[in-house]
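The structure appears below as structure tokens.
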């Protein structure tokens with residue numbers, strides 16, 4: 008996060024306030040189709056209840072903005088400090104993560120009252136308190152944080168609904184528009200290697216893990232022009248992909264043996280036909296849509312089977328920047344499109360942004376010279392830089408103004424409840 | 008359950024309908040203080056959400072009464088057959104027990120609609136269909152089943168609330184009325200042994216596990232005139248009871264080592280004073296109230312420490328029947344009293360009925376000649392006759408017309424979330 | 008154990024010494040076919056290495072006889088006090104049970120030296136120290152304890168060898184002698200009920216759990232004339248016994264689902280034919296031999312499927328005593344026969360003693376008036392009186408002078424690595 | 008592994024044979040202090056019994072050399088193919104790893120017979136069969152493989168012995184020689200960044216994971232002149248290092264909470280003084296010796312506490328090569344020195360080679376262009392390139408001719424049973 012001295016001007020302040028309102032409103036809008044009971048659900052430790060997301064994002068503003076910076080601010084409810092702390096150990100012991108679904112109190116009404124109170128105080132802060140740029144930066148961080156939870160809210164409720172035998176739909180199960188055309192053929196796009204600048208240029212907001220900007224040496228390589236499709240992944244399954252240990256990383260093979268996995272998460276077969284559970288309920292599997300909810304292990308095994316590999320995160324960033332199109336963001340399948348699923352690639356689109364988070368072969372590690380900030384916000388990213396893999400590009404449930412080429416998402420290699428997909432890379436022959 | 012042939016007369020039918028209305032109404036009344044979110048909670052596998060209790064008790068009437076016996080009955084929702092089946096494997100695979108808290112759909116409103124529909128059809132059945140006595144028996148079984156779930160509803164929500172750091176209260180934390188007097192001194196009451204009739208006489212409803220009535224040989228013994236109190240249990244703790252392996256059954260010692268237990272469930276110390284979590288929230292521990300929420304292992308270790316033992320279930324039944332007082336049920340601390348906690352014994356009361364389920368030393372086994380019925384209802388009790396201990400006497404959350412001297416409750420020896428307590432017995436010197 | 012005052016006479020003393028030598032020698036003889044490496048194996052927490060059995064049985068004499076009663080006795084090695092304590096918490100924290108297989112030191116030679124030293128000191132005690140009867144009783148207890156470990160030594164090494172893909176044989180795989188005749192038909196033997204004396208008469212050694220002798224009321228019943236055979240059990244399997252939940256106790260059904268059990272422990276199918284692992288290696292399954300290594304759950308489910316039930320331990324004792332034959336012990340298939348497997352019943356034999364421990368429906372509980380002794384030996388039996396089932400009659404690896412009609416063995420209902428079998432009982436029609 | 012065409016000459020062949028004899032002999036010499044019982048021990052899944060190491064290293068030559076390349080070779084024992092396969096899934100399902108300690112058969116004698124037979128056949132292969140260079144390469148791989156198991160043999164038996172309360176010593180507990188002088192002060196050595204060649208130059212044997220040699224961009228940095236000492240690590244402990252979550256990676260903090268860790272593996276306090284378990288038994292902790300048996304999480308937390316960081320594996324390689332001294336290998340504390348413990352640094356030594364494997368901050372990933380070989384040997388390294396961290400430099404139990412600057416070892420971040428230590432790095436100010 009960019010934290011500089013000096014007060015920001017009125018226009019910036021007004022813009023920030025507008026953004027605050029829009030993003031906070033978007034979170035609530037996403038919770039609209041859900042009942043208080045739905046918002047209570049926590050189906051695994053990795054996921055959180057919608058209500059918790061609504062409260063925690065407010066807690067973030069209360070903790071990092073209002074308590075230290077709004078004169079005379081009194082906490083909405085002292086208990087909330089522990090209840091809605093996610094993982095900031097330096098602020099006290101957070102409430103047990105796997106038990107977030109057991110907090111029926113405070114109830115949803117109280118959480119919405121909390122949000123209104125936070126919003127009203129934030130408006131006060133954003134209009135009346137001298138807004139030095141470090142505050143601006145913290146507010147921007149809080150809004151980006153909120154956007155991350157918008158995505159989690161959707162992936163978490165998808166997981167929770169998938170447990171229920173009635174397989175509820177979060178939204179209308181919009182069928183993919185261009186079902187007839189199929190996906191365009193996969194083309195290999197060559198990229199020239201060399202020393203490339205990696206990381207945020209600093210012209211927009213970025214998380215600390217995107218810094219410092221620095222050089223990486225990348226060799227010549229080729230990258231696929233679109234994501235791997237369900238049909239292509241089915242070939243892998245039908246060729247015995249889940250039964251051939253040589254295709255798998257050792258930990259991945261152990262996992263699929265232990266859990267007896269034979270297909271991606273959310274796939275199921277009924278009377279010989281394949282279906283997948285979506286935010287629109289159970290839907291027939293469409294062959295030309297990108298395969299999604301694969302773990303890193305599955306992505307890696309598929310690439311090995313295909314005689315290719317996954318790109319490094321640096322290769323991804325270089326390729327995505329070089330192949331950028333002017334209208335890229337406009338056409339991308341992001342949250343605003345409300346598709347809630349990856350869509351079939353079109354000939355005019357390379358899917359780098361949106362659709363699915365793309366697993367890279369890179370471990371999630373600090374960039375050279377990375378230093379987390381010394382205060383509690385320093386726990387935001389740095390402490391997770393172990394055992395996880397970097398994903399790039401955003402997904403169909405990522406807000407458009409939240410994603411960028413330098414964005415580094417990260418998950419454990421076994422996780423698959425996010426909208427994750429596969430882009431192949433290869434060495435130039 | 009008593010199943011006889013022949014149609015019942017109008018008076019019986021009217022009485023049954025009245026009882027149906029009263030008991031079904033009571034369940035809903037118990038859910039009144041709870042929000043839809045509260046009713047969604049499941050804090051461990053042993054417990055179920057309130058909403059699930061509301062639905063499952065209706066499922067019982069639908070499955071065993073309406074589907075087979077109401078002409079033209081059409082299920083309220085076909086999915087409910089799996090969702091709200093508890094453990095009747097012969098009716099199909101029940102929905103995964105530990106995940107009952109993840110069923111946000113059907114929502115509470117739908118579950119209440121389900122109850123209303125079941126009630127309306129049951130009224131039809133009870134007024135219009137020729138009511139042969141086997142149906143009468145099944146309805147009565149269903150109502151007793153519902154009463155069991157009334158008790159579970161309360162113990163389960165107590166457990167769920169205890170996880171929440173804000174420690175919500177289900178009801179007003181009524182202070183024990185006679186706090187000043189203390190408990191009366193414990194008196195040893197001698198009981199003559201011999202061959203005694205054990206089990207239900209068959210004059211009222213009983214569960215199959217109370218039959219056949221049969222003779223048991225019981226020696227002379229003595230029984231305590233009241234339950235063990237918190238103050239007495241504290242002595243055990245302070246004497247190092249939880250650190251002395253010789254006092255414990257082997258499995259019990261292993262458990263308290265593994266879980267690092269040093270006091271009963273729901274007890275906690277704050278600044279040197281003892282508190283216990285109750286349905287009225289966190290309350291100071293009262294020395295003269297009966298100690299509750301102890302496991303069988305704790306009850307047994309306490310008895311060993313005290314140089315006594317627990318009674319067998321046969322001793323309990325013999326003693327309770329012999330010491331029966333005319334107004335026993337009237338004065339007992341049962342659900343209708345709405346105390347939601349065990350109360351200090353009074354001099355005129357021996358606490359055999361109500362207050363707390365009393366652990367006996369008896370394993371839960373079939374009575375000689377026991378045969379479960381051949382249909383699905385046969386899964387009601389028999390298949391649990393292994394690894395569990397018998398408890399007797401009902402608790403402060405047991406309905407008054409549900410309890411009787413021959414009633415056999417059963418739980419695993421490690422369980423402590425029910426209202427369980429300790430009555431000592433001893434051999435006659 | 009019978010503990011009386013007064014010194015025993017010379018003849019008793021000589022007889023005791025002879026018995027000591029014989030039993031101690033038998034243990035070592037049983038270890039003869041095993042290498043130091045074999046004797047190191049521990050294949051699960053329930054089992055112990057042979058070397059540990061050799062040492063622990065000596066520890067028993069050292070701890071309860073030599074240390075307190077042999078003047079000037081100095082422990083062989085102070086470390087052994089912790090290392091070879093099994094479960095006597097009152098003597099200090101025993102070495103972690105699941106890690107007994109990790110004690111390569113002391114090595115086997117040291118353990119044999121330990122045995123020789125203990126034997127030499129015990130000879131001294133048995134010849135030179137005034138032998139009051141309480142010492143006699145403790146020595147006898149130690150010898151019966153050693154005999155229990157002889158049986159465990161064999162069942163534990165059987166389990167350990169079964170893990171090894173080369174399936175080693177402990178002894179020659181003696182084929183059952185009378186393979187051609189088959190088992191005699193099962194006959195139902197009626198037994199008259201009434202008040203029966205249960206427990207040890209006190210004329211020979213007995214464990215404390217067989218006392219006090221007391222009366223039990225038993226109804227009329229019938230008992231099978233022999234054990235259930237493999238062929239009969241196969242019928243149960245082929246009739247879908249492992250797929251029908253209604254036949255199983257709830258905990259048993261959960262277990263076989265979780266562990267995906269479809270046949271008894273040690274059974275396996277190869278190319279359509281059934282085999283079982285025995286102390287003589289892998290052997291074809293013989294239909295007329297008694298089915299063995301079944302858990303209580305399997306025994307109970309089989310009985311339910313057969314329309315019968317298991318006997319109570321009281322019924323078993325009454326029947327076994329009434330049907331006793333003069334030459335019963337002589338013909339029985341016990342350890343001395345070195346068959347190491349249950350044998351086909353013969354027409355002149357009812358198999359009450361030897362062949363297999365017979366699961367009863369009784370929970371392992373104290374007899375009325377039972378009191379464990381106050382010292383460390385008091386931990387011998389009493390603290391296990393929870394969650395276990397009583398088995399009666401001894402097995403093919405029980406020493407002949409160790410078994411008797413009142414003997415109560417006990418294991419958890421899920422356990423099956425002992426030589427356990429099924430005898431059916433039924434109510435008289 | 009370097010695999011080239013063409014037959015090797017006589018001198019090379021003779022040298023290879025001599026090396027074969029020497030390395031195979033060294034393995035057996037390392038097992039000398041152990042009994043057959045010791046060699047049977049497996050104290051955790053990560054470790055293997057000595058006997059298994061002895062057999063598996065022979066299996067490697069049998070499987071990859073003798074079976075395919077020695078005309079007329081017949082397997083020593085067909086069962087060994089499964090029993091002693093470690094993780095080559097493409098050769099069939101290996102025997103269950105956590106149960107290797109249960110293979111008492113084949114016994115030690117048989118395993119030594121197996122070794123003699125393999126050795127005799129290998130001598131035949133190395134003297135009589137035309138030795139094309141690909142065979143030379145496979146033999147060399149087999150010998151390096153054997154050397155890896157020499158190290159594991161020692162760390163595994165150390166772990167096994169540490170469980171035994173008698174704390175056996177594998178070797179004489181040689182006290183560190185220069186105990187009085189203490190460690191030299193830590194000096195920060197600056198290294199110039201730039202594009203550096205990383206990986207094996209190919210002039211000697213190397214594992215496939217050290218290839219391809221390639222360029223890495225490294226910034227300017229500084230590196231510590233020696234390893235972190237016990238005294239320095241104690242400061243971290245005494246400063247509350249294990250209680251301050253901000254110092255730890257998230258997964259590391261979760262681990263030390265769950266396992267209640269407060270010091271490195273093998274450390275223990277007795278009456279206020281620190282000891283550590285070594286291959287020479289329990290020894291007082293020496294402050295000036297390098298701290299060892301730390302997990303990556305501990306190494307990382309220490310570095311954070313010290314205001315420094317761990318080097319990347321590329322920084323390590325660049326620094327180690329630049330600071331290389333002519334007599335480096337000669338003076339290094341490696342297996343041949345038989346110290347079996349890290350030694351106090353001397354002023355003339357920077358400890359890059361030997362003493363302890365040094366955790367780097369790098370994830371274990373393939374070098375650009377890495378391709379595992381297509382046959383079974385391809386499972387050697389590549390499939391482990393996930394979730395592990397790279398360690399560099401060898402340890403006090405690494406053979407001298409096995410280690411080199413480009414060597415990449417790898418373990419999971421939680422593992423600490425290897426001889427692992429900490430070298431700090433820092434950015435140049």
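Protein chains in written order, with the working numbering: chain A, 8 to 436; chain B, 8 to 436; chain C, 8 to 436; chain D, 8 to 436.
Every residue gets a Cβ at the ideal spot worked out from N, C-alpha and C, and that includes glycine.
Just so we're clear, the structure is a prediction, and the values are computed from it rather than from any experiment.
Along the chain, where does the alpha helix (DSSP H) containing residue i start, and where does it finish?
i                      : result
residue 168 of chain A : 140 to 170
residue 30 of chain B  : 17 to 38
residue 259 of chain A : 257 to 265
residue 131 of chain D : 115 to 135
With residue i as the anchor, note down where its beta strand (DSSP E) starts and where it stops.
i                      : result
residue 338 of chain C : That residue, residue 338 of chain C, is in no beta strand (DSSP E); its alpha helix (DSSP H) goes 335 to 338.
residue 203 of chain B : 201 to 205
residue 288 of chain A : 288 to 291
residue 87 of chain D  : No beta strand (DSSP E) contains residue 87 of chain D, which is instead part of the alpha helix (DSSP H) from 87 to 90.
residue 195 of chain A : 195 to 198
residue 433 of chain B : 432 to 434
residue 284 of chain D : 280 to 285
Mapping DSSP to helix, strand and coil, what is residue i?
i                      : result
residue 185 of chain D : Residue confidence for residue 185 of chain D is low, a pLDDT of 47 falling below 50, so the modelled location carries little weight; the figure read from the coordinates is stated next. DSSP places residue 185 of chain D in coil when its eight states are reduced to three.
residue 66 of chain A  : helix
residue 369 of chain D : strand
residue 240 of chain B : helix
residue 224 of chain D : strand
residue 249 of chain C : helix
residue 6 of chain B   : For residue 6 of chain B there is no data in the structure shown, the boundaries of chain B being 8 and 436.
residue 230 of chain C : strand
Name the one or two DSSP bridge partners that residue i has.
i                      : result
residue 416 of chain A : A/398
residue 213 of chain A : Note: residue 213 of chain A sits in no beta bridge, so no partner.
What distance in whole Å lies between the Cβ atoms of residue j and residue i, which are believed to be in contact at a cut-off of 8 Å?
i                      : j                      : result
residue 369 of chain A : residue 396 of chain A : 7 Å
residue 221 of chain D : residue 206 of chain D : 6 Å
residue 273 of chain B : residue 421 of chain B : Actually they do not touch by this definition, with Cβ atoms about 15 Å apart.
residue 366 of chain B : residue 410 of chain B : Not confirmed; about 16 Å, so no contact.
Segments of 4+ residues assigned as alpha helix (DSSP H) that fall wholly inside the stretch 304 to 349 of chain A: Counting whole runs of 4 or more residues, the stretch 304 to 349 of chain A contains the alpha helix (DSSP H) stretches 320 to 329, 335 to 338.
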